[in-house]
Amino acid sequence: MGKKVSFRLYLLLSPVLLNPVVLLAGNLPGKLVVSQAEAERLFLQNNLLLIAEHYNVDKAEAEIVQARLLENPVLSLEQNIYNRLNKKYFDVGAQGEAIVSIEQVINLAGQRGKAVKVAGLNKEVVSRQFEDVVRTLAGELRQRFISVFFLQKSLGVYDREVASLEHLLTVMAGQQARGNISLMERTRLEAFLLNLRSERMQLQNDLADGLGELCLLMGVPSGTNIETELPNETLDRIASQPVMLDRLESSLNQRPDLKASESQVLRSEANLKLQRSLAAPSFSLGGTFDRQGNFIDNYFGLTASVSIPIFNRNQGNIRSARFDIRQSNTQKEFLRNQAQTELQAAYIRFQNSLRLYRETPGGLEEDFDRLIAEVEKNFTNRNISVLEFVDYYESYKESALRLYDLKHAVLAAADELRTVAGTAIWTY
């Protein structure tokens with residue numbers, strides 16, 4: 019319900035606030051620096067798929083209004099074309115024949131009230147389905163945000179190594195001219211640099227794809243230079259907070275898709291009652307005025323009609339409604355089993371990734387930075403060979419990337435668990 023209210027508030031904001039370009043004003047030109055919370059805010063505010071999906075709720079509300087309306091009365095007019103007594107066509111005078119009648123259908127067996135109830139339950143189903151779209155798309159947004167964050171971190175590793183090697187090769191060019199550096203050493207470093215640039219290009223392509231999807235989810239202009247921010251203490255906060263599976267299972271009852279399935283059962287049951295009421299005879303009440311065609315002039319009469327349910331007693335729709343109840347109950351049971359299976363699998367993945375993260379020494383990333391600085395210094399002072407230098411650089415790169423992969427796995431698994439459970443387990 020909170021997400022729904024938040025979404026409505028965003029729709030009421032002024033067009034200026036809804037313009038993503040305005041949001042760039044607080045950052046560098048062309049750059050949008052966002053935290054995960056800010057990304058979710060932009061998602062709720064600008065995502066076009068979310069806005070389109072919300073129209074289903076508006077349509078369901080309109081159906082309730084329609085169900086409350088009474089049937090329109092039917093007004094009929096009959097006019098004689100030719101009056102043989104006075105030889106006049108379309109005689110509308112006192113001697114002409116004309117019949118005016120009006121008829122109103124009166125619903126029996128509480129048909130209108132039952133139709134309103136079905137429409138109300140349908141709105142409840144549609145609202146829950148909208149909330150589930152918010153849940154799944156928000157989960158996709160967070161997963162994409164985490165992926166982009168660590169792609170940018172990994173790209174930073176390549177940028178540092180490439181920049182360092184480019185500077186080193188510039189220095190070596192002068193040393194080679196003096197005969198202090200062999201051609202073989204320089205060629206080996208140039209080949210290593212080419213390989214790094216190739217790997218970096220692939221990473222840049224992956225990042226471009228991820229940023230494109232993130233822009234689409236956030237509803238900001240494509241090509242926006244997004245820089246993601248994630249606090250360093252996020253992982254520690256997740257690792258330090260115990261998560262119990264039984265508590266998560268109890269929160270499944272709040273998942274919008276499961277609530278929608280419960281509302282679908284209620285809607286099906288209400289529809290069965292409606293279809294049974296439609297089997298009742300239809301009743302109409304009205305009045306008629308006949309100027310010259312009855313046993314007296316200016317005849318006024320009261321009319322009443324009722325259908326006789328001999329052949330059509332709405333049997334097919336009633337039977338269909340019964341099957342709809344069975345189908346809704348079956349789908350409800352399946353969705354609950356599916357949710358429990360998803361939760362258990364997500365919980366296992368989270369625990370496995372978290373266990374590996376806890377086994378990783380703390381401060382490893384800072385140690386890598388110090389070690390690579392020492393490697394560069396020792397190679398410049400000719401304390402290590404070019405092969406040792408390349409090996410150290412390659413080891414640094416692989417270790418840093420593996421560390422980022424591990425952190426990515428923990429955050430992705432934690433967010434998947436949050437999405438599957440349908441509740442905010444952590445706030446970050």
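Numbering (this note's numbering), first residue to last: 19 to 446. Note that the Cβ used here is the ideal one computed from N, Cα and C, for glycine as well. Predicted, not measured: the structure shown is a model, and the values here were computed from it.
Buried or exposed by the 16-neighbour rule on C-beta atoms within 10 Å, applied to residue i
i	result
SER216	exposed
LYS395	exposed
SER94	exposed
LEU159	buried
HIS185	exposed
LEU435	buried
ASP264	exposed
THR9	This structure gives no information on residue 9, because the portion of the chain shown stretches from 19 to 446.
TYR411	buried
VAL238	buried
ASN140	buried
PHE318	exposed
MET202	exposed
GLY334	exposed
TYR375	buried
Inter-residue spacing [alpha-carbon to alpha-carbon] between residue i and residue j
i	j	result
ASN370	ALA432	11 Å
GLU377	HIS426	15 Å
ASN104	VAL83	52 Å
ARG340	LEU290	7 Å
ALA430	VAL123	60 Å
ARG26	GLU149	Bear in mind that the predicted position of ARG26 carries a pLDDT of just 42, short of 50, making it unreliable; the figure below should be weighed with that in mind. Approximately 12 Å, taken between the alpha carbons.
GLN220	PHE167	16 Å
PRO260	LYS350	30 Å
ASN90	GLY304	12 Å
ARG273	THR348	18 Å
ARG196	THR246	46 Å
TYR107	GLY114	9 Å
ASN399	GLU251	38 Å
ARG102	VAL92	30 Å
VAL180	ASN355	51 Å
GLN358	TYR365	10 Å
Proximity winner among the options, relative to residue i (alpha-carbon distances)
i	options	result
LEU424	TYR100, SER172, GLY114, LYS395	SER172
VAL438	ARG153, LYS277, ARG309, ILE69	ARG153
TYR176	GLU434, VAL428, LEU419, ALA442	LEU419
ASP409	ASN101, VAL393, ASN401, TYR422	VAL393
ARG344	ASN223, LEU284, THR441	LEU284
LEU60	SER302, ALA156, ASN101, LEU225	ALA156
GLN282	LYS49, ARG146, LEU67	ARG146
PRO299	ASN347, PRO327, SER182, ILE402	PRO327
LEU212	MET202, LEU183, ARG196, ASP224	LEU183
THR242	CYS233, LEU225, ASP342	CYS233
GLU142	LYS277, SER258, ILE164, LYS415	LYS277
GLU121	GLY111, LEU320, ASN401, ILE366	LEU320
GLY111	ASN316, TYR375, LEU421	ASN316
ASN330	GLU360, ALA297, SER346	ALA297
Proximity of residue i and residue j at Cβ, strictly below 8 Å
i	j	result
ASN125	ASP109	no
VAL118	PHE313	no
LEU253	VAL428	yes
GLN129	SER295	yes
LEU68	VAL134	no
ASN65	LEU235	yes
GLY228	ARG178	no
SER461	SER323	Lying outside 19 to 446, the shown extent of the chain, residue 461 is not represented and no answer is given.
ALA85	ALA137	yes
GLN170	LEU248	no
GLN293	ILE244	no
GLU96	ALA78	no
Anticipated Cβ contact below 8 Å, residue i with residue j, distance rounded
i	j	result
LEU353	SER268	With a Cβ gap of about 17 Å, LEU353 and SER268 do not count as contacting.
ILE390	TYR414	5 Å
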